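Residue numbers (our numbering): 232 to 745.
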């Protein structure tokens with residue numbers, strides 16, 4: 232079968248056309264109505280609560296929806312923001328408590344070995360680092376699955392994709408863990424302070440080569456990305472601004488034995504710099520302060536958060552309003568996030584089901600919703616990686632582009648395979664092998680129904696909070712409203728049982744949307 236026809240064979244012509252239509256055409260602007268303010272102070276409907284929970288987390292369980300139906304949209308947003316964590320809830324790998332390696336001592340000991348012993352030792356060290364990298368990825372997946380604040384981890388993931396670094400280049404799992412902790416600390420904090428902290432972060436210093444940025448031989452990598460990707464966006468600075476700001480960051484380094492930042496005075500350019508019309512003996516923090524005098528910072532970050540949480544197509548008039556709130560708060564993120572989640576555009580029905588779940592969102596959301604037992608959480612990271620989102624290893628400094636780019640012929644097929652094997656695992660099998668997620672045999676139509684015994688049926692009904700006396704047509708309506716943001720593309724006709732309906736919803740293309 233030709234690849235060009237594979238999407239159509241998987242989901243049908245109507246599905247693909249509907250899927251593409253959502254992302255190729257702008258969403259009409261939603262004008263603020265007199266009723267919207269009263270809407271924010273009325274208790275949420277089932278669909279409203281689901282929308283808020285899915286957009287700010289990974290999924291929406293029946294119990295979570297029920298709890299949020301007792302709240303107004305304003306109250307729900309405040310609850311989500313007020314319960315964010317600054318520290319993880321699950322125990323990280325124990326080796327993170329070990330002291331940093333004494334590299335000088337290791338090199339001395341290595342020289343005392345024979346060439347063959349040196350090769351064996353280096354091979355062992357590389358294997359240990361590689362294993363620890365996947366252990367760290369697995370731990371983060373576990374935190375996402377078990378956290379009581381999914382929005383915290385969504386924001387950590389967002390900032391990881393904004394201030395990108397990678398284990399592939401950084402190599403140190405301890406430094407990447409330290410960076411995740413920084414993102415968790417500032418997830419809803421002051422953005423200017425956040426940026427200043429990032430300039431001193433060891434993983435970022437390695438990733439953007441700040442250690443090689445020295446007086447007389449400046450490395451412009453960090454200075455360029457600071458403006459282009461982290462704060463302003465393209466078109467708001469000059470090449471001379473990059474050169475001058477790079478001088479301000481010369482000498483930035485860190486102690487490899489403590490993981491702490493320090494400035495190397497002899498490598499710093501203490502001369503006068505001219506940057507964005509200002510002149511002075513600037514250090515890195517001064518550069519950040521000058522950048523934040525530009526309105527473009529607030530607009531750039533607001534647009535990026537809009538695309539993450541509202542729709543692919545920002546409404547510029549509303550972006551201006553939200554960005555002003557950001558500036559007026561002196562770049563505090565919490566007021567901006569609250570304004571985004573209480574914007575009429577966030578609640579507009581036209582903007583529901585317009586965002587594509589990232590691989591991590593799809594995998595973690597399914598695990599959380601159906602409460603699968605996972606023996607080795609690194610398989611979730613490996614599954615996401617095969618779908619195009621390798622946690623802690625973005626493809627480049629721009630991060631994952633996301634949106635419609637999450638969907639290709641191969642990733643759409645693999646998403647389907649993973650979901651089919653999730654369904655197979657519902658009977659109680661642990662997800663302890665990557666083959667069970669994406670490389671196992673597929674399920675034929677109706678196979679879920681065949682393996683559905685009374686125990687599994689009862690377990691699913693309890694999990695989804697379905698009353699025993701609910702008739703089949705109402706079950707279909709309830710389950711589709713719970714699992715999908717839009718009506719299923721393929722109608723559910725004559726389902727044999729609840730599990731059959733769940734299987735249909737998980738394999739419907741609408742399940743890929745949020």
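Virtual Cβ for every residue (Gly too), placed ideally from N, Cα, C.
Everything numeric in this text was worked out from a predicted model, so none of it was measured.
Distance check for residue j and residue i, CA to CA, integer angstroms please.
i: residue 581; j: residue 458; result: 33 Å
i: residue 686; j: residue 420; result: 47 Å
i: residue 294; j: residue 284; result: 11 Å
i: residue 659; j: residue 319; result: Interpretation of residue 659 is limited by its pLDDT of 45, a score under 50 that renders its predicted location unreliable; the figure taken from the coordinates is listed afterwards. Computed Cα separation, rounded: 28 Å.
i: residue 563; j: residue 344; result: 55 Å
i: residue 422; j: residue 369; result: 28 Å
i: residue 588; j: residue 596; result: 9 Å
i: residue 617; j: residue 642; result: 8 Å
i: residue 536; j: residue 591; result: 18 Å
i: residue 337; j: residue 510; result: 46 Å
i: residue 674; j: residue 737; result: Confidence at residue 674 is low in this model, with a pLDDT of 37, below 50, so the placement of that residue is unreliable and no value is reported for it.
i: residue 425; j: residue 431; result: 10 Å
i: residue 550; j: residue 491; result: 38 Å
i: residue 493; j: residue 484; result: 6 Å
i: residue 681; j: residue 700; result: With a pLDDT of 47 at residue 681, under the threshold of 50, the predicted position of this residue should be treated as unreliable, though the coordinate-derived value follows. Distance between the alpha carbons of residue 681 and residue 700: 22 Å.
i: residue 392; j: residue 401; result: 15 Å
i: residue 306; j: residue 572; result: 11 Å
i: residue 567; j: residue 534; result: 11 Å
i: residue 712; j: residue 516; result: 49 Å
i: residue 278; j: residue 579; result: 12 Å
i: residue 360; j: residue 623; result: 14 Å
i: residue 352; j: residue 322; result: 30 Å
i: residue 750; j: residue 474; result: What the structure shows of the chain is the stretch from 232 to 745, and residue 750 is not part of that stretch, so it cannot be assessed.
i: residue 557; j: residue 292; result: 32 Å
i: residue 267; j: residue 281; result: 18 Å
i: residue 398; j: residue 301; result: 43 Å
Evaluate residue i with the Cβ neighbour count: other Cβ atoms within 10 Å of its Cβ, from every protein chain shown; 16 or more gives buried, anything less gives exposed.
i: residue 640; result: exposed
i: residue 620; result: buried
i: residue 286; result: buried
i: residue 702; result: exposed
i: residue 528; result: buried
i: residue 408; result: buried
i: residue 341; result: exposed
i: residue 313; result: exposed
i: residue 326; result: exposed
i: residue 396; result: buried
i: residue 715; result: buried
i: residue 479; result: buried
i: residue 585; result: buried
Sort out for me which residues DSSP pairs residue i with in a bridge.
i: residue 494; result: 483
i: residue 744; result: 587
i: residue 445; result: 448
i: residue 471; result: In DSSP, residue 471 forms no bridge with anything.
i: residue 421; result: 563
Looking at the secondary structure, which residues open and close the alpha helix (DSSP H) in which residue i lies?
i: residue 547; result: 547-559
i: residue 687; result: 685-694
i: residue 698; result: That residue, residue 698, is in no alpha helix (DSSP H); it is neither H nor E in DSSP.
i: residue 613; result: 609-617
i: residue 404; result: 404-416
i: residue 501; result: Taken as a continuous stretch (DSSP letters only), residue 501 belongs to no alpha helix (DSSP H), as it is neither H nor E.
i: residue 434; result: 433-438
i: residue 655; result: 640-655
i: residue 528; result: 527-540
i: residue 725; result: No alpha helix (DSSP H) holds residue 725; DSSP gives it neither H nor E.
i: residue 295; result: 293-299
i: residue 517; result: 515-522
Just curious, the beta strand (DSSP E) that residue i is in, first and last residue?
i: residue 506; result: 504-506
i: residue 510; result: 509-511
Take residue i as the anchor and find which of the options has the nearest alpha-carbon.
i: residue 514; options: 525, 502 and 490; result: 502
i: residue 476; options: 611, 512 and 358; result: 512
i: residue 629; options: 462, 412, 443 and 339; result: 462
i: residue 644; options: 466, 614 and 402; result: 614
i: residue 435; options: 449, 445 and 413; result: 413
i: residue 309; options: 570, 655, 277 and 714; result: 570
i: residue 729; options: 742, 584, 698 and 303; result: 698
i: residue 522; options: 565, 542 and 467; result: 467
i: residue 505; options: 496, 472 and 488; result: 472
i: residue 377; options: 744, 600 and 636; result: 600
i: residue 627; options: 315, 460, 498 and 415; result: 460
i: residue 577; options: 565, 542, 553 and 606; result: 542
i: residue 427; options: 328, 519 and 456; result: 519
i: residue 612; options: 329, 744 and 374; result: 374
i: residue 470; options: 695, 507, 604 and 499; result: 507
i: residue 690; options: 654, 385 and 720; result: 654
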